[in-house]
Amino acid sequence: MSEFINTAWRREEFRRRSQIAVWVVLGLFGVLFLRFAWLQLIQHDRYSALSENNRVALVPNIPPRGVLYDRNGVVLASGDWGYALEVVPEKIPDLPALWAQLGEVVRIEEADLRRFRRLREDSRPFEAVPIRQRLTETEVARFAAQRYRFPGVEMRTRDWRSYPFGPTFSHLIGYIGRISQKDKLALQEAGRWSAYRGAQYIGKAGVEKRYEEWLHGQTGFEHMEVDSGGRALRSLGRTPAQAGMNLSLHVDAGLQQVAEAAFGPYRGALVALDPNSGGLLALLSKPGYDPNLFVDGIDVDTWRGLNESLDKPLINRALRGVYPPGSTIKPFMALAGLELGLRKPSDSIADPGYFSLSAGGHRYRDWKKDGHGTVDMHKSIVVSCDTYYYRLADEMGIERMHDFLSQFGLGERSGVDLDGELAGLMPNAEWKAKRFKQPWWPGETVIAGIGQGYVLATPMQLAVATMMIANEGVLYRPQIVRAWRDPKDGRTHTAAPEVVRTLKLNPEHLRLVKAAMQAVTQPGGTAAGAGAGAAYTFAGKTGTAQVVGMDTAGRSVSGSTRHRDHALFIAFAPVDKPTIALAVMVENGGHGGSTAAPIARKVLDYWFLGQTTPGAAVMPAPGPAPEVTTGGDHAD
Amino acid sequence: MQIEPGLAGIVREGVRTVFRHADPVLLGLILALLALSTLTVASATSGTYLVGHLINMSVALVAMLMLSHVPPQVLIRFAIPLYVLGVFLLLGVAVAGDVVNGSRRWLNLGVTRIQPSELMRLAVPMAMAAYLHYRQEHLSSRHFALAGLLLVLPVGFILRQPDLGTSLLILASGFFVLFLAGLAWRVMAGLVLLLGAIVPLAWMFFLHDYQKQRVLTLFDPTSDPLGAGYHIIQSTIAIGSGGLFGKGWGQGTQARLDFLPEGHTDFVFAVYSEEFGLLGNLLLLGIYAAMVTRGLTLSYNASGLFGRLLCGAITLTFFTYALINMGMVSGLLPVVGVPLPLVSYGGTSMVTVLLGFGILMSVASNKSLVKT
Numbered sequence: 001m002s003e004f005i006n007t008a009w010r011r012e013e014f015r016r017r018s019q020i021a022v023w024v025v026l027g028l029f030g031v032l033f034l035r036f037a038w039l040q041l042i043q044h045d046r047y048s049a050l051s052e053n054n055r056v057a058l059v060p061n062i063p064p065r066g067v068l069y070d071r072n073g074v075v076l077a078s079g080d081w082g083y084a085l086e087v088v089p090e091k092i093p094d095l096p097a098l099w100a101q102l103g104e105v106v107r108i109e110e111a112d113l114r115r116f117r118r119l120r121e122d123s124r125p126f127e128a129v130p131i132r133q134r135l136t137e138t139e140v141a142r143f144a145a146q147r148y149r150f151p152g153v154e155m156r157t158r159d160w161r162s163y164p165f166g167p168t169f170s171h172l173i174g175y176i177g178r179i180s181q182k183d184k185l186a187l188q189e190a191g192r193w194s195a196y197r198g199a200q201y202i203g204k205a206g207v208e209k210r211y212e213e214w215l216h217g218q219t220g221f222e223h224m225e226v227d228s229g230g231r232a233l234r235s236l237g238r239t240p241a242q243a244g245m246n247l248s249l250h251v252d253a254g255l256q257q258v259a260e261a262a263f264g265p266y267r268g269a270l271v272a273l274d275p276n277s278g279g280l281l282a283l284l285s286k287p288g289y290d291p292n293l294f295v296d297g298i299d300v301d302t303w304r305g306l307n308e309s310l311d312k313p314l315i316n317r318a319l320r321g322v323y324p325p326g327s328t329i330k331p332f333m334a335l336a337g338l339e340l341g342l343r344k345p346s347d348s349i350a351d352p353g354y355f356s357l358s359a360g361g362h363r364y365r366d367w368k369k370d371g372h373g374t375v376d377m378h379k380s381i382v383v384s385c386d387t388y389y390y391r392l393a394d395e396m397g398i399e400r401m402h403d404f405l406s407q408f409g410l411g412e413r414s415g416v417d418l419d420g421e422l423a424g425l426m427p428n429a430e431w432k433a434k435r436f437k438q439p440w441w442p443g444e445t446v447i448a449g450i451g452q453g454y455v456l457a458t459p460m461q462l463a464v465a466t467m468m469i470a471n472e473g474v475l476y477r478p479q480i481v482r483a484w485r486d487p488k489d490g491r492t493h494t495a496a497p498e499v500v501r502t503l504k505l506n507p508e509h510l511r512l513v514k515a516a517m518q519a520v521t522q523p524g525g526t527a528a529g530a531g532a533g534a535a536y537t538f539a540g541k542t543g544t545a546q547v548v549g550m551d552t553a554g555r556s557v558s559g560s561t562r563h564r565d566h567a568l569f570i571a572f573a574p575v576d577k578p579t580i581a582l583a584v585m586v587e588n589g590g591h592g593g594s595t596a597a598p599i600a601r602k603v604l605d606y607w608f609l610g611q612t613t614p615g616a617a618v619m620p621a622p623g624p625a626p627e628v629t630t631g632g633d634h635a636d
Numbered sequence: 001m002q003i004e005p006g007l008a009g010i011v012r013e014g015v016r017t018v019f020r021h022a023d024p025v026l027l028g029l030i031l032a033l034l035a036l037s038t039l040t041v042a043s044a045t046s047g048t049y050l051v052g053h054l055i056n057m058s059v060a061l062v063a064m065l066m067l068s069h070v071p072p073q074v075l076i077r078f079a080i081p082l083y084v085l086g087v088f089l090l091l092g093v094a095v096a097g098d099v100v101n102g103s104r105r106w107l108n109l110g111v112t113r114i115q116p117s118e119l120m121r122l123a124v125p126m127a128m129a130a131y132l133h134y135r136q137e138h139l140s141s142r143h144f145a146l147a148g149l150l151l152v153l154p155v156g157f158i159l160r161q162p163d164l165g166t167s168l169l170i171l172a173s174g175f176f177v178l179f180l181a182g183l184a185w186r187v188m189a190g191l192v193l194l195l196g197a198i199v200p201l202a203w204m205f206f207l208h209d210y211q212k213q214r215v216l217t218l219f220d221p222t223s224d225p226l227g228a229g230y231h232i233i234q235s236t237i238a239i240g241s242g243g244l245f246g247k248g249w250g251q252g253t254q255a256r257l258d259f260l261p262e263g264h265t266d267f268v269f270a271v272y273s274e275e276f277g278l279l280g281n282l283l284l285l286g287i288y289a290a291m292v293t294r295g296l297t298l299s300y301n302a303s304g305l306f307g308r309l310l311c312g313a314i315t316l317t318f319f320t321y322a323l324i325n326m327g328m329v330s331g332l333l334p335v336v337g338v339p340l341p342l343v344s345y346g347g348t349s350m351v352t353v354l355l356g357f358g359i360l361m362s363v364a365s366n367k368s369l370v371k372t
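Those sequence lines, one after another, are chains P and D.
Per the numbering used here, the first sequence starts with residue 1, numbered consecutively.
Per the numbering used here, the second sequence starts with residue 1, numbered consecutively.
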C-alpha cells in the first residue's frame with residue numbers, strides 16, 4: 001500500500017518538477033533570446049559596421065628581445081635577422097624530389113634535412129617548417145628568381161639571436177630555442193601565453209632562460225585591413241609590441257675571454273666575483289659549446305656529439321661540478337681555529353710528515369714525505385702543511401667544523417641567478433647517519449680538515465667563500481644582472497647587492513689569514529711562480545682535488561690524464577681593498593700552483609692592467625728558492 | 001503480422017521495423033536540427049567538412065536507432081556494471097593516463113586510446129537512475145545521499161584530469177536525476193549555499209591560471225584580443241551583424257574570412273546566427289524548446305522510475321549543453337569547450353547525444369513492458 005503511494009507520489013512529483021524544469025528552460029531561453037535581440041536588433045548597426053570593417057585582421061607583432069651587455073657595454077647577445085626558406089610539408093607531394101630541385105638553387109646539407117625532420121615532428125599540421133636558415137645574398141637572389149618553380153616553399157624574414165662570443169659565454173648566457181610543446185604548457189600555466197602569440201623563440205638555458213620574462217617583452221598586434229581574399233591592404237593602427245628589457249651584466253667580456261684563453265687546452269671552470277657587491281665578473285666552464293647552434297634548432301648528430309662527448313661541454317662545471325676543495329679549505333680552517341680559540345697564531349707544531357690519531361695507528365700523510373719541520377699557522381698556509389690541519393681538525397671535531405665552514409656558504413647553493421646550481425656538501429655526523437646509516441669516524445674528520453673525504457664544493461662556492469675572506473665576512477648573493485632598462489619608462493635601474501648574512505669575525509684573525517694567503521703568492525709560497533712580478537698585491541691558496549685515491553705510500557695512483565688530480569686555486573686582489581675574488585678549477589690539471597694559479601694571474605693582470613702578460617705566470621720565481629717553491633702543491 | 005508480397009513490401013516492412021521504436025515527433029525535430037547543422041557546417045567550412053559531417057550524422061543516427069531497440073529492462077542491467085567499468089577506467093587514467101595538451105584524459109589500451117570521461121556522460125545518470133529505481137519502494141534521504149556519492153566520485157576524478165567542462169556537465173546530469181526523483185527542496189537550498197561557499201575557495205586554490213584567465217576574459221574580452229578574448233569578440237560581431245534576417249546562407253563574412261576559427265565546431269552558432277539572423281535563432285531556440293518539452297513528456301509517460309529519471313536527466317542535460325554553448329558564443333558565459341548539440345561538427349558529441357535520444361526512444365516505446 002505504502003509502496004503504491006510512494007510510487008504514485010513520485011510520479012506526481014516528477015510531473016510537477018518537469019513542469020518547473022520546462023518553465024526554467026523557457027525562462028533561460030528567454031534570456032538568451034533577449035541577448036540575441038540586444039545584439040541583433042539594438043546593437044545591429046554597430047556590429048554591422050564592425051563586421052564591415054572586420055575586414056581587419058590582427059597580425060601579431062613580435063617584440064624585439066632584450067639585448068645583453070657586459071659591464072662595459074659590449075654586446076653579448078642581440079637580435080639579428082635574415083632570410084629563411086620554409087616549407088609546408090603537407091603541400092609538397094614529394095619531399096625528396098623537392099630537396100633535389102631546391103638543392104640546385106640553394107645549398108642544402110644533410111644537417112639541414114636532419115633538422116627539418118626533427119622540427120617537423122614538433123610542428124602542427126600545415127605549419128611552415130624551416131629547411132634553410134640565414135640564406136646568403138646570392139641564395140636569396142637565386143631563389144627569388146626561381147620562386148615560381150617551388151609552390152609551397154616560402155622565403156621569409158626571420159628574427160634570430162646571435163651570440164658574438166660563441167662558446168666563451170655559453171654557460172653564462174645560455175641560448176634561446178624554438179618554443180616546444182612543453183614550453184607552451186608552462187607558459188599557459190603561468191598565464192603568460194598571450195605574450196607569446198606569434199613568437200618563435202624562448203630562453204632555454206643560462207641568463208636567456210632565467211631572465212626570459214624580462215628579455216621577451218609583450219607581443220603587440222597590428223590591425224590590418226584585408227580584402228575579401230584575406231590579403232593585407234593597409235595598416236589601420238597598432239598596439240605596439242613591448243620590447244624586452246636590455247640587461248647589463250656585471251660580467252666583463254674581456255676578463256671572460258682572457259680566462260678562456262688562459263685555460264688553453266685544459267677543461268675546468270673559473271668564477272670571479274666582485275667582493276663589494278657579489279657581482280659576477282666572470283663565469284667560465286670549459287669546454288663550452290656554440291650557443292648559435294641551438295637558435296635554429298640543433299641537428300641530432302651535432303647534439304649527440306655534444307651530449308656524449310667525454311669532455312662534457314654541456315655541463316656547467318662552475319655550478320654543477322662538485323669537487324673536493326682540497327687545500328683551498330685551509331685558510332677557512334685556520335680562521336676557524338682562531339675564532340673558536342683552538343689556536344693562537346704563535347702555536348706551532350713539529351711536523352714529522354704524518355699525523356696519527358693514536359700512537360702506532362694509521363698514518364695520515366703530509367704531501368711532503370719528511371714533513372715541514374716546525375710549523376705555525378702562517379707557515380701552515382704558505383707551505384700548505386697537511387699535518388697542521390689533520391691535528392686541528394681532530395681537535396675541532398666535525399660538528400664545529402661543519403657549523404663554522406657552513407657560514408661561508410659551503411654545502412648551500414649560492415643563489416646565483418642561474419638554474420641548476422648544485423649545493424655541494426659540508427658533512428657532519430647527522431648527514432652521514434641519514435645518508436649511510438653509519439656513525440661518523442674520527443678519521444673522516446681528519447681528512448675533512450684538508451678538504452678531502454666527503455667535503456664537496458662547486459667552483460662557485462669556492463669563489464663565494466673566498467669573497468667572504470676578501471670582504472671580511474659579508475656573504476652577498478652572487479648577481480649576474482647589474483642594471484636593466486625598463487622600456488616602459490625608459491629608466492635604468494641598478495640591482496642592489498643582496499646580503500645573505502654578515503659574519504662577525506675578529507679583524508686581527510682575518511689580517512693573519514690574509515697575510516698568509518698573500519705570502520702564498522710570494523717567494524716561498526706554493527703559488528710563488530704565479531705571483532712573481534705582479535704589479536699589485538694578491539692573496540691566494542692552492543689546492544688539489546683528488547681524482548683517484550692514494551696508495552698507502554702516499555703516491556697518487558695516476559694512469560691516463562683523465563685520472564690526474566684537479567688543480568684548484570682561490571685568490572683575491574688587491575689584498576688591502578679587494579675588487580675581485582675568484583676560484584679556478586682545472587680538471588686533471590695536477591697541482592694548483594702550477595696550472596690553476598697561472599690562470600688566475602692572467603685574469604688578475606687583465607683586471608688590473610687591462611692586458612695579459614703572457615709568460616708572467618711561468619716566469620721562474622726570482623730570488624732564493626726555499627724548500628717549497630719548486631713543485632707547488634702536491635697531492636695533499 | 002501480415003507481410004505484403006513483393007520487394008516493395010519487404011522494404012516497407014524493413015523500414016517499419018527499423019523505425020518501430022523511434023518517436024516520430026522527436027525524430028522529426030532531430031532531423032530538422034541536423035538539416036540546419038548541415039547547412040551551417042557546409043557554409044562555415046566552404047563544403048570541405050561536408051562529407052565527414054554526413055558520415056558522422058549517419059553513424060550517430062544508426063547508433064540511436066539500434067539503441068532504441070534495446071528495452072529499458074535490458075539497459076538497467078548494464079547500468080551498474082558500465083558505471084563500475086567507467087570508474088576503473090578513470091582510475092586507470094589517473095594512474096597511467098596519457099597527457100594531451102596538459103590534461104590527463106586519455107587511456108591507452110595498446111590498440112586504441114579512449115577517453116573514459118565521455119563514457120561517464122551517460123553511465124553516471126544511468127547508474128544513479130538504476131540505483132534509485134532498485135530502492136524506489138522506500139526511498140529515503142540516505143538513498144539520495146548514496147546516489148549523490150555515485151555522482152561525486154567520477155566527477156572528482158574528471159575534475160582532477162583536469163576537465164572542468166565535462167565534470168560540470170556530468171554534475172548537472174546527476175543533479176537532474178536527483179531533482180526529478182524528488183530531492184527535498186531544503187536539501188537543494190543547502191547545496192546552493194554550499195556551492196556559494198565553495199566557489200570562492202575553488203577560485204583561490206583549485207582553478208588553474210588558464211582557467212581563471214578564461215573566466216576573467218569573459219568580463220573583459222578586449223584584455224586579450226589575440227588570445228582567449230578573440231573568439232568572444234569575433235563571435236559577438238558575427239551574431240550582431242546578422243541582424244533580424246541574417247546575411248543569408250553562405251554570405252557570412254566572419255567565418256569565411258577566417259576571423260572566426262572553430263566556426264564549424266564550438267562556435268558554429270555564431271556562423272548560424274550571422275547567416276540566419278534573429279529569426280533563425282528563434283527557430284533554433286524553438287526546436288530546442290520543443291525537444292525538451294517532448295523529451296520530458298516522454299519521460300513522464302515512462303512506466304518505470306529508471307526510465308523516467310534517466311530520460312528526464314538526458315533531456316535536461318541536452319538542454320544544458322545547448323544553453324551553455326549559446327550563452328558562451330553570445331558572450332554571456334565563459335568559454336568552456338562545449339559543442340552545440342546536434343549542430344556542431346564532431347563525431348563524438350554527435351554519437352553521445354544521439355545515443356541519449358536512443359535511450360529516450362526505447363523507454364518511450366517500451367512503457368507497457370516494464371512493471372510498475
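Note that CB positions come from ideal geometry on N, CA and C, so glycine has one too.
Model, not experiment: these values are computed from the prediction.
- D:His-21 sits away from D:Ser-58, with the two beta carbons spaced by 9 Å or more.
- For D:Asn-366, there are no C-beta contacts with chain P under 9 Å, since the nearest C-beta of that chain is about 17 Å from it.
- The shortest C-alpha to C-alpha distance from P:Leu-50 to any of D:Leu-278, D:Ala-238, D:Leu-34, D:Leu-298 is the one to D:Ala-238.
- For a Cβ distance threshold of 8 Å, residue set Arg-11, Phe-14 of chain P lies close to D:Arg-308, ordered along the chain.
- P:Val-375 has P:Ile-349 as its beta-bridge partners, per DSSP.
- Judged by DSSP in its simplified three-state form, D:Ile-114 adopts strand.
- Taking CB atoms only, D:Thr-253 has a neighbour in chain P less than 9 Å away.
- A check of alpha carbon separations from D:Leu-342 across D:Arg-12, D:Ala-44, D:Leu-61, D:Gly-9 identifies D:Leu-61 as the nearest.
- Looking only at D:Val-15, D:Met-350, D:Gly-47, D:Arg-16, the smallest Cα-Cα distance to D:Gly-250 is reached by D:Gly-47.
- The beta carbon of P:Gly-217 sits closer than 6 Å to the beta carbons of Pro-63, Gln-242, Ala-243, Gly-244 from its chain, once the five residues preceding and following it are set aside; these are given in chain order.
- Annotation: the continuous alpha helix (DSSP H) that includes P:Tyr-389 extends over 386–406.
- Contact note: P:Tyr-47 reaches chain D through Thr-236, Ile-237, Ala-238, Ile-239, Gly-240, Ser-241, Gly-242, Gly-243, using a C-beta cutoff of 9 Å and chain order.
- Within chain D, the residues placing a beta-carbon under 7 Å from that of P:Val-25 are Ala-289, Val-292, Phe-319, ordered along the chain.
- Under the Cβ criterion of 9 Å, P:Arg-35 is counted among the residues facing chain D.
- The continuous alpha helix (DSSP H) containing P:His-171 extends over residues 170–173.
- At a cut-off of 9 Å between beta-carbon atoms, P:Ala-199 makes no contact with chain D.
- For D:Phe-179, the neighbours in chain P by C-beta distance under 7 Å run, in chain order, Arg-17.
- Taking CB atoms only, P:Glu-121 has no neighbour in chain D less than 9 Å away.
- Under the 10 Å beta carbon count, P:Tyr-148 is surrounded by fewer than 16 other beta carbons and is classified as exposed.
- When only Cα atoms are considered, P:Gly-321 and D:Leu-340 end up about 58 Å apart.
- Within the same chain, and ignoring the five residues on either side of D:Phe-306 in sequence, the residues whose Cβ sits closer than 7 Å to its Cβ are Pro-72, Ile-76, Ala-129, Ala-130, His-133.
- When CB distances to chain P are screened at a threshold of 7 Å, not a single residue of the stretch 26–58 of chain D falls below it.
- Here the alpha carbon of D:Val-70 sits roughly 48 Å from the alpha carbon of P:Arg-120.
- Taking 9 Å as the threshold, the shortest C-beta distance from P:Val-22 to chain D falls below it.
- In the displayed model, D:Ile-359 falls within a helix according to three-state DSSP.
- Residue pairing by DSSP places P:Lys-286 opposite P:Gly-268 in a beta bridge.
- Interface annotation, P:Gln-43: in contact with chain D, CB-CB separation under 9 Å.
- For the set P:Lys-541, P:Arg-156, P:Gly-305, P:Thr-579, the Cα lying nearest the Cα of P:Pro-598 is the one of P:Lys-541.
- Residue contact check for P:Val-88 against chain D: no CB pair falls below 9 Å.
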